[in-house]
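Residue numbers (our numbering): 112 to 203.
Where a beta carbon is used, it is the ideal one built from N, C-alpha and C, also for glycine.
Treat the numbers as computed from the prediction; the structure is a model and nothing was measured.
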């Protein structure tokens, strides 16, 4: 005769070890992603700050198109693409 409680305990222990190994794999996958997100947040350009800087430097237009911040001084001037902090320094 099979002891059902013993079988249930064995199944529970196998499932718990599988779950703990999956948690470890999940953590090893998630931690690098968190580090990348933190790095991206540091490089993130705030549109409000750029609008403020553009206004100080007499740029008339600031907008976002296809995830890129663009500025233009006048209607006839060329469009500048702002993708990093160094691009902000190029604004005259």
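Q) From this set, 174, 187 and 124, which residue's C-alpha is nearest residue 193's C-alpha? A) Taking the chain shown and counting its residues from 1, the one referred to as residue 193 is at position 82. Comparing Cα positions, the closest option is 174.
(Q) Contact criterion: CB-CB distance below 8 Å. Does residue 128 meet it with respect to chain C? (A) No chain C is part of this structure, which consists of one protein chain only.
Q | Closest by C-alpha distance to residue 168, when choosing among 179, 185 and 195 | A | Here residue 168 corresponds to residue number 57 of the chain shown, with the count starting at 1. The option with the nearest alpha carbon to residue 168 is 185.
(Q) Once the 5 residues before and after residue 161 are set aside, which same chain residues still bring their CB inside 8 Å of it? (A) For the purposes of this step, residue 161 is taken as the residue at position 50 of the chain shown. Within its own chain, the residues whose Cβ lies closer than 8 Å to the Cβ of residue 161, once the five positions on either side in sequence are excluded, are 173, 180, 182, 193 and 199, listed in chain order.
Q | Straight-line Cα distance separating residue 170 from residue 189 | A | Looking up residue 189 in the chain shown gives position 78. Looking up residue 170 in the chain shown gives position 59. Residue 189 and residue 170 have their alpha carbons spaced roughly 11 Å apart.
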